[in-house]
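Participant: Protein chains in written order, with full-length UniProt numbering: chain A, 1 to 340; chain B, 1 to 340; chain C, 1 to 340; chain D, 1 to 340. Don't be surprised by glycine CBs; every beta carbon is placed ideally from N, CA and C. This one's a predicted model, so the numbers in the text were calculated from it and none came from an experiment.
Protein chains: 4
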Amino acid sequence: MSSDINRSWRMTGFGLPRLELAEGRIPEPGPHDLLVRIKAISLNYKDRMIVDGVLIPDLGFPFVPTSDAVGEVVAVGGDVSRFRTGQRVLGHVIADWPDGDAPPVLHHHTLGSSLPGTLSDYLLLHEDAAVLAPPSLSDAEASTLPIAALTAWFAMAEATRPVPGQTILIQGTGGVSLFALQFAHAFGLRAIVTSSSDGKLEWAKTLGAWQVINYRARPAWDEAARELTGGAGVNHILEMVGGDNARRSLDALAADGRLSIIGLLGSMELSFPIVPFLRNRIVVQGISIGHRRAFERMNQAIEALAIKPVIDKIFGFDEVPRAFEHLEKGPFGKIVITTA
Amino acid sequence: MSSDINRSWRMTGFGLPRLELAEGRIPEPGPHDLLVRIKAISLNYKDRMIVDGVLIPDLGFPFVPTSDAVGEVVAVGGDVSRFRTGQRVLGHVIADWPDGDAPPVLHHHTLGSSLPGTLSDYLLLHEDAAVLAPPSLSDAEASTLPIAALTAWFAMAEATRPVPGQTILIQGTGGVSLFALQFAHAFGLRAIVTSSSDGKLEWAKTLGAWQVINYRARPAWDEAARELTGGAGVNHILEMVGGDNARRSLDALAADGRLSIIGLLGSMELSFPIVPFLRNRIVVQGISIGHRRAFERMNQAIEALAIKPVIDKIFGFDEVPRAFEHLEKGPFGKIVITTA
Amino acid sequence: MSSDINRSWRMTGFGLPRLELAEGRIPEPGPHDLLVRIKAISLNYKDRMIVDGVLIPDLGFPFVPTSDAVGEVVAVGGDVSRFRTGQRVLGHVIADWPDGDAPPVLHHHTLGSSLPGTLSDYLLLHEDAAVLAPPSLSDAEASTLPIAALTAWFAMAEATRPVPGQTILIQGTGGVSLFALQFAHAFGLRAIVTSSSDGKLEWAKTLGAWQVINYRARPAWDEAARELTGGAGVNHILEMVGGDNARRSLDALAADGRLSIIGLLGSMELSFPIVPFLRNRIVVQGISIGHRRAFERMNQAIEALAIKPVIDKIFGFDEVPRAFEHLEKGPFGKIVITTA
Amino acid sequence: MSSDINRSWRMTGFGLPRLELAEGRIPEPGPHDLLVRIKAISLNYKDRMIVDGVLIPDLGFPFVPTSDAVGEVVAVGGDVSRFRTGQRVLGHVIADWPDGDAPPVLHHHTLGSSLPGTLSDYLLLHEDAAVLAPPSLSDAEASTLPIAALTAWFAMAEATRPVPGQTILIQGTGGVSLFALQFAHAFGLRAIVTSSSDGKLEWAKTLGAWQVINYRARPAWDEAARELTGGAGVNHILEMVGGDNARRSLDALAADGRLSIIGLLGSMELSFPIVPFLRNRIVVQGISIGHRRAFERMNQAIEALAIKPVIDKIFGFDEVPRAFEHLEKGPFGKIVITTA
């Protein structure tokens with residue numbers, strides 16, 4: 001890699017075949033920008049949905065996809081005060097959400113969506129849209145944090161008050177779910193993990209799952225969850241599927257239970273019976289990644305708790321299409337692309 | 001009324017014709033009981049659903065229905081310390097919920113449901129399941145508080161943090177809705193009220209509604225609500241209907257908006273699209289009346305704010321069947337039965 | 001006033017005699033700056049402490065004091081997206097606190113402290129450090145909000161959950177206290193106001209005080225407050241004095257009571273006995289103005305609640321030293337300086 | 001021990017020599033009482049202050065002291081529904097605080113204070129003032145929970161929102177402090193422990209302390225704490241001493257830091273400078289043990305987290321005076337008395 005060429009994967013249309021490697025110039029930082037030499041990028045399922053044209057049908061081309069990246073600050077604009085060259089930073093995906101409530105929806109500045117993505121050698125980040133990477137993590141590990149880890153953290157530690165000793169049910173073993181499992185274990189929560197694969201459930205146990213349910217063997221996983229909790233029900237469920245699955249989630253919840261809506265993997269609808277909703281005083285909350293302050297708190301926790309992200313496979317920068325294909329195979333852990 | 005006869009309306013089966021007036025003995029208070037001479041009873045829509053066999057199909061007969069009542073303590077058990085004779089008290093409907101989280105569902109002791117109801121001359125209340133009535137209210141007014149007012153209060157002041165200046169949309173003009181409107185006005189919230197009746201909407205304005213929407217004239221009331229808020233959406237909606245109406249509620253909510261699920265008047269299902277749920281970080285919460293501490297706080301607020309419950313009509317104790325029939329007519333305000 | 005001259009009052013040293021009127025050039029906005037033509041400035045007591053050298057002993061000269069200002073955006077930098085020319089804005093005093101937790105202390109960018117103040121014809125504001133002024137207020141009224149109103153709002157509606165019907169005790173009738181009184185009235189709180197002046201207490205009643213205490217006539221004002229609350233104590237107290245006065249505040253608080261520490265008018269020390277602190281589970285919280293999101297919420301509430309700031313006197317721009325002198329006289333309401 | 005004799009240690013006046021062993025009858029349970037055969041009692045420092053006449057100068061004699069106890073339910077009153085004979089229960093010390101806010105102070109029913117204490121073979125507990133003991137703990141271990149563990153839990157998990165990765169400073173190695181240290185470790189918090197003894201600090205490390213400070217070697221322990229946190233300060237401090245020590249706590253706190261006031265070991269006064277209080281938006285909260293719901297949640301966490309209370313020494317029932325004397329020696333862990 002030469003220092004004055006900026007390689008990028010650009011969508012020239014929808015579909016993986018139209019994702020093309022191109023070379024361009026290294027961008028110039030504005031007064032408050034960081035020029036970041038990217039070291040590693042992590043894929044999320046929504047990246048595939050964007051490449052395939054499912055999530056943002058009116059995207060303009062060419063477009064550089066992906067949102068997760070870690071890199072080194074190699075230059076800064078004249079007014080930058082939060083960072084200096086040489087620091088290792090992560091991009092903050094919802095760039096205009098520093099803390100508290102989110103900005104009004106239409107003004108979202110989101111990496112890899114309304115803003116260009118991260119699948120390049122170089123990236124400009126506004127200094128307000130970056131955080132220091134946790135020093136204990138490798139580049140590949142750090143790259144996995146911006147969406148999957150922050151979503152799990154926000155659902156479990158910001159939008160919900162974690163009460164050690166309580167139960168949490170985590171659906172599946174995707175990127176958010178594995179971080180949720182690691183956080184649950186570190187927070188003193190009892191995690192129940194569901195999957196259709198006994199092998200993945202075994203791995204989940206090694207990551208700290210308290211109990212596991214194979215929903216293929218036990219389709220009424222809500223009843224199984226209730227049994228595991230002595231009939232009381234689960235205190236918090238991370239809903240990754242939607243549709244009728246959410247009805248089971250409702251059935252599995254304890255009184256004053258909480259359901260965090262996270263996933264886009266299944267149905268685009270949620271449907272609940274009202275009576276148990278009222279009787280158990282259920283709270284359902286929609287989660288959309290998180291704010292920068294939460295990202296900073298999470299990174300501090302990752303250091304304190306010595307959490308290591310689970311990586312399924314690392315690909316080279318010229319293997320990006322294969323990396324996207326691998327994403328379809330239901331990996332156990334994150335898929336990472338390095339620029340080295 | 002003789003002092004040693006206890007008249008009660010008892011269900012001897014389902015259906016209004018099987019609600020019969022009977023006479024019995026005045027019950028003896030146990031060590032922690034209050035014997036209350038009931039002065040006024042208020043009807044809730046769920047009382048009709050119980051009488052008709054819709055809500056509790058396995059009810060045992062005979063059964064005294066209704067939950068709301070105010071009366072005077074005329075005798076106390078030997079160990080009672082919270083009250084003394086002569087005080088005017090309201091029964092607390094979820095009798096074993098003093099504060100904080102509710103007790104596990106199956107152990108609920110609920111007046112007019114798992115416990116006998118209030119449609120009698122005399123009632124025993126455990127001293128832990130009663131609160132002082134607000135002195136500024138008449139008996140008829142005070143009798144309306146235990147379910148309708150406390151549900152509105154709990155949704156707006158306990159389960160939600162009220163932020164003066166924010167908007168709240170209140171569906172309809174039933175008992176909970178009118179209290180919600182009065183509280184909204186007194187809390188500095190901007191209340192939007194929906195109804196199919198222009199006449200009721202006019203009355204709502206006199207109670208402090210900021211804006212009104214006739215959803216018959218404007219079926220897309222969610223769009224109307226969004227327009228009234230300059231496109232931002234509503235901060236809090238009290239959902240009284242369910243079903244597809246809840247989809248409109250979701251559409252009408254602002255970013256970080258909140259939907260309180262309260263009603264049993266319409267569908268028994270809730271159904272939402274996931275994308276706006278995630279994007280706007282919506283919170284949906286089920287409300288089931290409230291705890292005793294909230295009841296006490298509400299009564300203090302009713303005094304401080306000089307709130308007067310809206311009463312549609314007062315019936316005599318021998319007119320109970322007519323009072324239930326009147327409930328079907330869509331009254332504007334509560335229906336009260338006096339024992340005098 | 002000519003359009004190309006920028007008048008400013010500048011401290012050339014400590015003490016009011018060294019506050020001098022000077023003329024300079026109109027500053028040029030940077031890419032994210034608003035150039036604001038100031039219409040009105042409001043004084044706070046801490047402005048006098050800065051002019052006198054009490055609050056920031058190591059201030060560099062020349063220095064333009066004061067923090068509160070309202071004005072019209074007359075030009076914007078090339079990258080500004082939040083505002084446009086012609087809008088009327090208020091400067092947000094802690095410029096780098098958008099929402100949630102505050103930034104680390106040493107990085108504070110504070111108008112009239114680490115940043116230049118507002119006592120000029122023209123001011124540059126970063127677009128992230130401004131909010132729209134409430135349209136219902138005059139320039140003079142709007143200018144009073146950034147410190148006094150936001151401090152009261154933050155203590156009462158952000159750092160504390162307001163519960164209508166509860167009691168709040170407000171010490172004195174200074175700028176923060178009068179806004180607190182108006183908010184209390186509008187939120188459905190019962191406000192007790194203390195003062196040494198019967199005349200001011202009468203005015204406080206016209207602003208909605210529920211009860212008043214003249215602490216000169218009744219030095220044990222804590223006992224008086226307890227009596228007014230039927231022995232229960234006050235739920236929230238705004239502490240403006242410190243020192244031994246805070247001990248009385250502690251004595252006047254109810255169980256689970258809250259004390260907001262706001263003022264710098266009296267002692268620089270707080271001192272409490274431990275036993276009642278523990279027994280009543282008291283919470284004491286330090287308040288430092290507030291974040292921008294709170295400012296926006298407050299302005300929305302001011303519109304909804306039709307709150308009009310209380311102004312004691314308006315001075316011309318050439319009368320600034322007299323305005324500072326007037327501040328010493330214990331005005332009832334804010335002191336405003338207009339640039340017209 | 002014969003089954004029909006009830007041994008008790010009774011204060012016949014103030015001072016340890018007037019604590020005398022007596023025999024009496026086994027009490028009869030009222031309708032809602034549990035008769036508990038006590039297995040183990042744990043001492044708290046306040047028990048010594050009561051025996052010595054320091055804490056409750058107007059105590060009536062004879063009086064059975066101590067508050068912590070575990071035992072077996074051997075009989076129940078006729079109306080008891082929450083427990084059955086054979087279950088192992090812990091007494092809940094503030095007997096009338098089930099959840100949420102505490103009851104008004106003067107009505108407190110507190111074991112070993114306004115109610116008789118636990119230093120007996122048999123004890124009556126109202127069924128609402130008991131919780132199941134965690135099954136994984138021995139009798140001696142379980143007996144230590146009601147005051148020391150619940151106080152630490154309430155300060156860290158109920159009155160404060162625990163954020164994994166944040167720092168907590170725990171003063172000393174008394175009973176509350178050791179539980180706090182174990183909870184901190186299990187919650188993912190970084191615990192800094194202070195002590196004057198290097199030996200105790202070594203033990204603290206084996207219980208999971210992240211850092212330790214010997215305040216004899218480093219009297220300016222606040223500066224040491226600030227250094228350990230890279231200058232940012234500590235997020236939460238458990239104040240066990242009061243007086244000038246609380247000033248150091250304030251200095252050691254980070255922005256938005258929190259100080260929980262717990263201890264009665266040192267001064268009876270708290271004293272703070274106002275400026276850092278305001279600037280850092282400090283919250284100080286008084287802690288008084290906790291409510292029953294918190295006790296239940298804590299016991300669930302103790303099971304999930306496999307926490308084992310630290311016991312310094314176990315004494316026989318006839319060795320009570322020696323146990324009280326041992327309390328003065330600064331033990332590392334709780335002192336327990338068994339009735340066996």
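Mapping DSSP to helix, strand and coil, what is leucine 238(A)?
Facilitator: Within the first sequence, numbered from 1, the residue matching residue 238(A) stands at position 238. Residue state, collapsed to three classes: strand.
Participant: For a cutoff of 7 angstroms on Cβ pairs, would you count alanine 186(C) as touching chain B?
Facilitator: The sequence position of residue 186(C) within the third sequence is 186, counting from 1. Yes, its Cβ sits closer than 7 angstroms to a Cβ of chain B.
Participant: Could you check if arginine 297(B) is buried or exposed, using at least 16 other CB atoms within 10 Å of its CB as the buried criterion?
Facilitator: Position 297 of the second sequence, counted from the start, is the residue given in the question as residue 297(B). That one is buried.
Participant: Taking only three categories from DSSP, how would you classify methionine 298(A)?
Facilitator: Numbered from 1 along the first sequence, position 298 holds the residue referred to as residue 298(A). The answer is helix: DSSP assigns methionine 298(A) an H, G or I state.
Participant: Relative to the C-alpha of isoleucine 314(C), which residue among Lys308(C), Pro29(C), Leu305(C), His326(C) is closest?
Facilitator: Counting from 1 along the third sequence, the entry for residue 314(C) is found at position 314. That would be His326(C), whose Cα lies nearest to the Cα of isoleucine 314(C).
Participant: Within the same chain, show all residues whose beta-carbon is closer than 8 angstroms to that of aspartate 318(A), passing over the 5 residues directly before and after it, in chain order.
Facilitator: Here residue 318(A) is taken as the residue at index 318 of the first sequence, counted from 1. Result list for aspartate 318(A): Leu21, in chain order.
Participant: Would you mind working out which of Val234(B), Lys39(B), Asp121(B), Leu124(B) sits nearest glutamine 171(B), comparing C-alpha positions?
Facilitator: Here residue 171(B) is taken as the residue at index 171 of the second sequence, counted from 1. For the residues Val234(B), Lys39(B), Asp121(B), Leu124(B), the minimum Cα distance to glutamine 171(B) belongs to Val234(B).
Participant: What does DSSP give as the partner residues of alanine 191(C) in its beta bridges?
Facilitator: Taking the first residue of the third sequence as position 1, residue 191(C) is located at position 191. Per DSSP, Ile168(C).
Participant: Please name the residue or residues paired with aspartate 68(A) in a DSSP beta bridge.
Facilitator: Counting from one through the first sequence, the residue named residue 68(A) turns up at place 68. According to DSSP, aspartate 68(A) bridges with Ser42(A).
Participant: Any residues in the stretch 134 to 168 of chain C with a beta carbon nearer than 8 angstroms to a beta carbon of chain B? Which ones, in chain order?
Facilitator: From the stretch 134 to 168 of chain C, only Ala157, Arg161, Pro162, Val163, Pro164, Gly165, Gln166 have a Cβ closer than 8 angstroms to chain B.
Participant: Does the beta-carbon of glycine 78(B) have 16 or more other beta-carbons within 10 angstroms, so that it is buried, or is it exposed?
Facilitator: Position 78 of the second sequence holds residue 78(B). Under this definition glycine 78(B) is an exposed residue.
Participant: What are the residues that DSSP puts in a beta bridge with glutamine 211(A)?
Facilitator: On the first sequence, residue 211(A) is found 211 positions in, with the first residue counted as 1. Looking at the DSSP assignment, glutamine 211(A) forms a beta bridge with Ile192(A).
Participant: Just tell me which of Gly165(D), Glu303(D), Val51(D) has its CA closest to the CA of isoleucine 302(A).
Facilitator: Your numbering for residue 302(A) matches position 302 in the first sequence. Considering only alpha carbons, the answer is Gly165(D).
Participant: Against chain A, with Cβ distances strictly below 7 angstroms, would arginine 190(D) count as a contact?
Facilitator: The count along the fourth sequence starts at 1 and reaches residue 190(D) at position 190. Yes - at least one Cβ of chain A is within 7 angstroms of the one on arginine 190(D).
Participant: Is DSSP giving arginine 292(D) helix, strand or coil here?
Facilitator: The residue you call residue 292(D) lines up with position 292 of the fourth sequence. Helix at arginine 292(D).
Participant: Please look up how many angstroms separate the CB atoms of tyrosine 215(D) and serine 197(D), rounded, as I've assumed it's under 8 angstroms.
Facilitator: Within the fourth sequence, numbered from 1, the residue matching residue 215(D) stands at position 215. Within the fourth sequence, numbered from 1, the residue matching residue 197(D) stands at position 197. Between serine 197(D) and tyrosine 215(D) the Cβ distance is about 10 angstroms, and since that is not below 8 angstroms, they are no contact.
Participant: Taking C-beta pairs closer than 9 angstroms, name the residues in chain A that glutamate 269(B) reaches, listed in chain order.
Facilitator: For the purposes of this step, residue 269(B) is identified with residue 269 of the second sequence, where counting begins at 1. Per Cβ cutoff of 9 angstroms: Ser271, Phe272, Pro273, Ile274.
Participant: With 9 angstroms as the C-beta to C-beta threshold (strictly closer), list the residues of the stretch 217 to 231 of chain C near chain B in chain order.
Facilitator: Going along the stretch 217 to 231 of chain C in chain order, one finds no residue with a Cβ nearer than 9 angstroms to chain B.
Participant: Residues of chain E with a CB under 7 angstroms from the CB of aspartate 33(C): which are they?
Facilitator: Checking the listed chains, one finds no chain E in this structure; the protein chains it contains are A, B, C and D.
Participant: From the beta carbon of residue 422(A), is the nearest beta carbon of chain C less than 7 angstroms away?
Facilitator: This structure leaves residue 422(A) out entirely; chain A is present only between 1 and 340.
Participant: What span of residues does the alpha helix (DSSP H) with aspartate 198(B) cover, start to end?
Facilitator: Working through the second sequence from its first residue, we reach residue 198(B) at position 198. Per DSSP, aspartate 198(B) belongs to the alpha helix (DSSP H) from 198 to 206.
Participant: Which of the three DSSP states is assigned to asparagine 6(C) in this structure?
Facilitator: By 1-based counting over the third sequence, the position of residue 6(C) is 6. Of the three classes helix, strand and coil, the one that applies to asparagine 6(C) here is strand, per DSSP.
Participant: Name the residue from Leu270(A), Asn6(A), Val320(A), Glu328(A) whose alpha carbon lies nearest to the alpha carbon of tyrosine 122(A).
Facilitator: Your numbering for residue 122(A) matches position 122 in the first sequence. Tyrosine 122(A) has its Cα closest to that of Asn6(A), out of Leu270(A), Asn6(A), Val320(A), Glu328(A).
Participant: So what does DSSP say about arginine 37(A), is it helix, strand or coil?
Facilitator: Your numbering for residue 37(A) matches position 37 in the first sequence. Residue state, collapsed to three classes: strand.
Participant: Between aspartate 312(B) and the rest of its own chain, which residues show a CB-CB distance below 7 angstroms, the 5 nearest in sequence each way excluded?
Facilitator: Against the second sequence, residue 312(B) aligns to sequence position 312. Excluding sequence neighbours, aspartate 312(B) sits near Pro331, Phe332, Gly333, Lys334, Ile335.
Participant: Counting beta carbon pairs with one atom in the stretch 138 to 155 of chain B and one in the stretch 80 to 87 of chain B, are three or more of them shorter than 8 angstroms?
Facilitator: The stretch 80 to 87 of chain B, when compared against the stretch 138 to 155 of chain B, does not touch it at the 8 angstroms Cβ threshold.
Participant: Count the other CB atoms, across all protein chains shown, that sit within 10 Å of the CB of glutamate 23(A); report buried if there are 16 or more and exposed otherwise.
Facilitator: Here residue 23(A) refers to the residue found at position 23 when the first sequence is read from its first residue. That one is exposed.
Participant: I need the straight-line Cα distance from histidine 185(B) to methionine 156(C), nearest angstrom please.
Facilitator: Against the second sequence, residue 185(B) aligns to sequence position 185. Against the third sequence, residue 156(C) aligns to sequence position 156. When rounded, the distance between both Cα atoms is 18 angstroms.
Participant: I want to verify the contact list: residues of chain D whose CB lies under 9 angstroms from the CB of leucine 305(A), in sequence order.
Facilitator: Sequence index remark: in the first sequence, residue 305(A) carries index 305 (1-based). Correct list: Pro164, Gly165, Gly188.
Participant: Please name the residue in Arg161(B), Asp251(B), Gly174(B), Glu202(B) whose C-alpha comes closest to that of leucine 189(B).
Facilitator: Position 189 of the second sequence holds residue 189(B). Among Arg161(B), Asp251(B), Gly174(B), Glu202(B), the Cα nearest to that of leucine 189(B) is on Arg161(B).
Participant: Ignore the nearest five residues each way along the sequence and tell me which others in leucine 253(D)'s own chain have a CB closer than 7 angstroms to its CB.
Facilitator: For the purposes of this step, residue 253(D) is taken as residue 253 along the fourth sequence, with counting starting at 1. Within the same chain, leucine 253(D) has close Cβ partners Gly233, Val234, Ile237, Leu259, Asn280, Ile282.
Participant: For glutamine 87(D), which residues in chain C fall below 7 angstroms Cβ to Cβ?
Facilitator: As a working mapping, residue 87(D) is identified with position 87 in the fourth sequence. Those do not exist, as glutamine 87(D) stays about 30 angstroms from chain C at its closest Cβ, beyond 7 angstroms.
Participant: To which residues does DSSP link phenylalanine 315(A) through a beta bridge?
Facilitator: As a first step, residue 315(A) must be located in the first sequence, where it is residue number 315. Phenylalanine 315(A) pairs with Ile337(A).
Participant: Which same chain residues, not among the five before or five after leucine 43(B), have their C-beta less than 8 angstroms away from its C-beta?
Facilitator: Here residue 43(B) corresponds to residue number 43 of the second sequence, with the count starting at 1. If we look at leucine 43(B) and ignore the five residues flanking it on each side, its Cβ neighbours are Thr66, Asp68, Ala323, Phe324, Leu327, Lys334, Ile335, Val336, Ile337.
Participant: Measure the CB-CB distance between threonine 118(A) and isoleucine 56(A) and report whether it falls below 7 angstroms.
Facilitator: Taking the first residue of the first sequence as 1, we reach residue 118(A) at position 118. Taking the first residue of the first sequence as 1, we reach residue 56(A) at position 56. Their beta carbons are not under 7 angstroms apart, which means threonine 118(A) does not touch isoleucine 56(A) by this criterion.
Participant: Sort Asp58(B), Ala142(B), Asp99(B) by Cα distance to serine 114(B) and report the nearest one.
Facilitator: For this step, residue 114(B) is matched to residue 114 along the second sequence. Of the listed residues, the one whose Cα sits closest to serine 114(B) is Asp58(B).
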